[in-house]
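Numbering (my numbering), first residue to last: 2 to 345.
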C-alpha cells in the first residue's frame with residue numbers, strides 16, 4: 002500500500018493526541034472501499050508494533066490517540082516518514098508555563114526584564130510585551146518558561162514574582178483564555194499551532210501553494226486577496242468574518258422578570274380604582290354611649306350613698322368569721338343597703 006493510498010483512506014486529515022485512558026485495539030484500522038476494514042499502520046520506527054493506538058473518525062479526517070509517549074513518538078515519526086500531512090499537540094510534560102506580569106512599566110525593555118528574571122533563578126525562555134488592539138504597549142508582559150519549569154515548585158516560584166528590575170508592585174497572573182480557537186500560521190486552519198503542524202504550507206493572502214513568507218503578491222497591482230479556507234476573494238484567511246472562521250457563542254438569554262397576572266377587565270371597575278389597590282376598611286366605631294351612661298349612674302350613686310358608712314360596712318364584712326356575723330352587719334346597715342338597692 003502506497004503512502005497516497007493511505008492518505009486517501011485517512012480522509013486527508015490526521016490528528017495525533019496522547020491519551021491517558023485504557024485502550025484495547027492492537028492496530029490502527031480504517032474502513033476501505035465497500036466497508037472493509039484495512040490495516041493502516043502497524044508498528045513504527047521501532048521493531049515492536051504500536052499496541053496502544055486508537056483511531057476515531059472526526060468531521061474532516063481521522064483522530065489518533067496513543068496510550069504511551071513512546072507510541073506517540075513512533076506514530077508521529079511514521080507519519081512524517083510516509084509524508085502524510087497531520088497536526089498534533091504538545092505533551093503535558095513539554096508544555097511551557099506562561100505567566101502574565103502586571104505592573105511592568107511600558108518604558109522598561111523586555112530584554113532587561115528577562116535578564117532580571119534569569120538572575121532570580123527562574124528558567125525563562127522568552128518575555129513579550131502585550132499590546133492592545135491598537136498595537137499600543139501595555140504594562141503587561143507575557144513570560145514563557147522552559148521545559149524545566151514543569152515541576153510544581155518552579156511553577157509556584159513563577160507566580161510568586163513580586164518585583165522586576167528592583168521595581169515592586171508586580172503581580173503574576175494566569176493568562177486569559179482565548180474566546181476563539183487559535184489559528185495556525187502554517188496551514189491557516191484553526192485549532193492548532195504552527196509549531197506542531199505538518200500540513201503543507203498555505204498562504205494567508207492568496208490561493209498559491211506556498212507559505213505566507215514566500216508570497217510575492219503585490220497588494221497594489223494584484224487585486225484583492227483570496228482566502229484559502231473558503232476559496233473566496235475579498236478577504237484574507239485570518240479574517241474573522243470568513244464563513245469558515247470560528248464564531249463566538251451567543252450570550253445566554255436573560256430570564257424575563259416575572260410579573261403578577263393581570264386583573265380581569267370589569268365594566269364597573271375604573272382604572273384609577275384598580276391602580277390604587279385594595280383599601281383598608283375603616284375601624285369599627287366604638288360604643289361610647291353605654292360607657293357614658295354607666296359613668297353618670299355611678300356618680301349619682303356616690304352622691305346619695307355615704308361613702309364613710311360604706312367603708313365601715315366593708316371593714317365589718319372582711320372581719321366577719323361566719324355567714325351569721327355577715328348577716329348581722331347587713332341588718333345594722335339596712336338603710337345603706339336599701340339606698341344602694343333603690344339606685345340599681
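For each residue, glycine too, the CB sits at the ideal point set by N, CA and C.
Source: prediction; values computed, not measured.
> If you draw a straight line from the alpha carbon of residue 182 to that of residue 250, how long is it in whole angstroms?
Replying inline: Stepping through the chain shown from its first residue, residue 182 is reached at position 181. Stepping through the chain shown from its first residue, residue 250 is reached at position 249. Those two C-alpha atoms are separated by around 12 Å.
> Using a Cβ-Cβ cut-off of 8 Å (strictly less than) and excluding sequence neighbours within five positions of residue 125, which residues of its own chain qualify?
Replying inline: For the purposes of this step, residue 125 is taken as the residue at position 124 of the chain shown. By the criterion of a C-beta distance shorter than 8 Å, residue 125 is surrounded in its chain by 115, 118, 119, 144, 145, 146, 147, once the five residues flanking it on both sides are discounted.
>> My output table needs one value for residue 421: the three-state DSSP class, helix, strand or coil.
In response: Since the first residue of the chain shown is 2 and the last is 345, residue 421 is not available in this structure.
>> With distance defined between alpha-carbon atoms, name the residue in 312, 121, 187 nearest to residue 213.
In response: By one-based count along the chain shown, residue 213 stands at place 212. The residue with the shortest Cα to Cα distance from residue 213 is 187.
> Short check: CB of residue 166 to CB of residue 123, under 8 Å?
Replying inline: Translated into positions along the chain shown, residue 166 becomes position 165. Translated into positions along the chain shown, residue 123 becomes position 122. Annotated as distal: residue 166 and residue 123, with beta-carbon spacing of 8 Å or more.
>> On the DSSP letters alone, give me the boundaries of the beta strand (DSSP E) that residue 174 sits inside.
In response: For the purposes of this step, residue 174 is taken as residue 173 along the chain shown, with counting starting at 1. Where residue 174 is concerned, the enclosing beta strand (DSSP E) stretches over 172-174.
> Per DSSP, which one or two residues make a beta bridge with residue 130?
Replying inline: Sequence index remark: in the chain shown, residue 130 carries index 129 (1-based). Its beta-bridge partners are 142.
> Assuming residue 99 and residue 225 make a contact with CB atoms under 8 Å, what is their CB distance in whole Å?
Replying inline: Here residue 99 refers to the residue found at position 98 when the chain shown is read from its first residue. Here residue 225 refers to the residue found at position 224 when the chain shown is read from its first residue. Under the criterion of beta carbons closer than 8 Å, residue 99 and residue 225 do not qualify as touching, at roughly 37 Å.
> Is it right to say residue 81 is buried, meaning 16 or more other beta carbons lie within 10 angstroms of its own, or is it exposed?
Replying inline: Here residue 81 corresponds to residue number 80 of the chain shown, with the count starting at 1. Around the beta carbon of residue 81, fewer than 16 other beta carbons sit within 10 angstroms, so the residue counts as exposed.
> Whose C-beta lies closer than 7 Å to the C-beta of residue 331 among residues of the same chain, with five residues either side of it excluded?
Replying inline: Taking the first residue of the chain shown as position 1, residue 331 is located at position 330. A distance below 7 Å between beta-carbons, with the five flanking residues on each side excluded, links residue 331 to the following residues of its chain, in chain order: 338.
> Where DSSP assigns a beta bridge to residue 99, which residues make up the other side?
Replying inline: Within the chain shown, residue 99 is the residue found at index 98, counting from 1. According to DSSP, residue 99 bridges with 145.
> Are any of the Cβ atoms in chain D nearer than 8 Å to that of residue 77?
Replying inline: Going by chain labels, chain D is absent from the structure shown, which holds only one protein chain.
> Should the segment 193-201 be called in touch with the segment 149-159, which here means at least 3 C-beta pairs below 8 Å?
Replying inline: The segment 193-201 is not in contact with the segment 149-159.
> If you run the structure through DSSP and keep just helix, strand and coil, what is residue 309?
Replying inline: What you label residue 309 is simply residue 308 of the chain shown in a count that begins at 1. Looking at residue 309 - three-state DSSP - the assignment turns out to be helix.
>> Given a cut-off of 8 Å on the beta-carbon distance, is the pair residue 92 and residue 142 in contact?
In response: Taking the first residue of the chain shown as position 1, residue 92 is located at position 91. Taking the first residue of the chain shown as position 1, residue 142 is located at position 141. No. Outside cutoff.
> residue 76 by DSSP, collapsed to three states: which one?
Replying inline: Here residue 76 is taken as the residue at index 75 of the chain shown, counted from 1. In this structure, residue 76 counts as helix in the three-state DSSP scheme.
> Quick one: what's got a C-beta closer than 8 Å to residue 131's C-beta in the same chain, skipping five residues either side?
Replying inline: Locating residue 131 in the chain shown gives position 130, where the first residue counts as 1. These residues qualify, in order along the chain: 101, 138, 139, 141, 142, 143.
>> Run through the DSSP bridge pairs and tell me what residue 191 is partnered with.
In response: To locate residue 191, count along the chain shown from 1; it is residue 190. Residue pairing from DSSP places residue 191 in a beta bridge opposite 184.
> What do you reckon, are the CB atoms on residue 231 and residue 244 nearer than 8 Å?
Replying inline: Start at 1 with the first residue of the chain shown, and residue 231 comes out as number 230. Start at 1 with the first residue of the chain shown, and residue 244 comes out as number 243. Yes. Within cutoff.
>> Please report the distance separating the alpha-carbon of residue 135 from that of residue 76.
In response: Counting from one through the chain shown, the residue named residue 135 turns up at place 134. Counting from one through the chain shown, the residue named residue 76 turns up at place 75. Cα to Cα, residue 135 sits roughly 43 Å from residue 76.
> Nearest-angstrom Cα distance between residue 222 and residue 215?
Replying inline: As a working note, residue 222 is residue 221 in the chain shown. As a working note, residue 215 is residue 214 in the chain shown. Near 17 Å, if we compare the C-alpha coordinates of residue 215 and residue 222.
> Can you name the start and end residues of the alpha helix (DSSP H) that residue 118 belongs to?
Replying inline: As a working mapping, residue 118 is identified with position 117 in the chain shown. 111-120 is the span of the alpha helix (DSSP H), which, as asked, contains residue 118.
>> Taking its Cβ as the centre, do 16 or more other Cβ atoms sit within 10 Å of residue 85, making it buried, or is it exposed?
In response: Locating residue 85 in the chain shown gives position 84, counting from the first residue. By the neighbour-count criterion, in which a residue is buried when 16 or more other Cβ atoms sit within 10 angstroms of its Cβ, residue 85 is buried.
> By a C-beta neighbour count over all protein chains shown, 10 Å radius and 16 as the cutoff for buried, is residue 203 buried or exposed?
Replying inline: As a position in the chain shown, residue 203 is number 202, starting the count at 1. It counts as buried.
> What separation, rounded to the nearest whole angstrom, lies between the Cα atoms of residue 1 and residue 160?
Replying inline: Within the shown structure, residues of the chain are numbered from 2 to 345, placing residue 1 beyond reach of any answer.
>> Am I right that residue 170 and residue 242 are in contact with their C-beta atoms under 8 Å? What's the rounded C-beta distance?
In response: On the chain shown, residue 170 is found 169 positions in, with the first residue counted as 1. On the chain shown, residue 242 is found 241 positions in, with the first residue counted as 1. No, residue 170 and residue 242 are not in contact; Cβ-Cβ is about 41 Å, not under 8 Å.
> If you run the structure through DSSP and keep just helix, strand and coil, what is residue 315?
Replying inline: Taking the chain shown and counting its residues from 1, the one referred to as residue 315 is at position 314. Residue state, collapsed to three classes: helix.
> In angstroms, rounded to a whole number, what distance separates the CA positions of residue 173 and residue 133?
Replying inline: Reading the chain shown from its first residue, position 172 is the one you call residue 173. Reading the chain shown from its first residue, position 132 is the one you call residue 133. Distance between the alpha carbons of residue 173 and residue 133: 19 Å.
>> Please classify residue 206 as buried or exposed, where buried requires at least 16 neighbouring CB atoms within 10 angstroms.
In response: The residue you call residue 206 lines up with position 205 of the chain shown. With 16 or more neighbouring CB atoms inside 10 Å of its own CB, residue 206 falls in the buried class.
>> Quick check on residue 312: buried or exposed, where buried means 16 or more other Cβ atoms within 10 Å of its Cβ?
In response: As a first step, residue 312 is located in the chain shown; it is residue number 311 there, counting from the start. Here residue 312 is exposed, its C-beta having fewer than 16 other C-beta atoms within 10 Å.
> In the DSSP assignment, what residue or residues form a beta bridge with residue 231?
Replying inline: The residue labelled residue 231 in the question sits at position 230 within the chain shown. For residue 231, which the question treats as bridged, DSSP gives no partner whatsoever.
> Whose CA, out of 184, 178, 79, lies closest to the CA of residue 240?
Replying inline: Position 239 of the chain shown holds residue 240. Taking residue 240 as reference, the option from 184, 178, 79 with the minimal CA-CA separation is 184.
> So which of 156, 328, 318, 107 has the shortest CA-CA distance to residue 94?
Replying inline: One-based indexing of the chain shown puts residue 94 at position 93. Closest option to residue 94, Cα to Cα, is 156.
> What is the rounded straight-line gap between the Cα of residue 233 and the Cα of residue 153?
Replying inline: Translated into positions along the chain shown, residue 233 becomes position 232. Translated into positions along the chain shown, residue 153 becomes position 152. One C-alpha to the other measures close to 48 Å.
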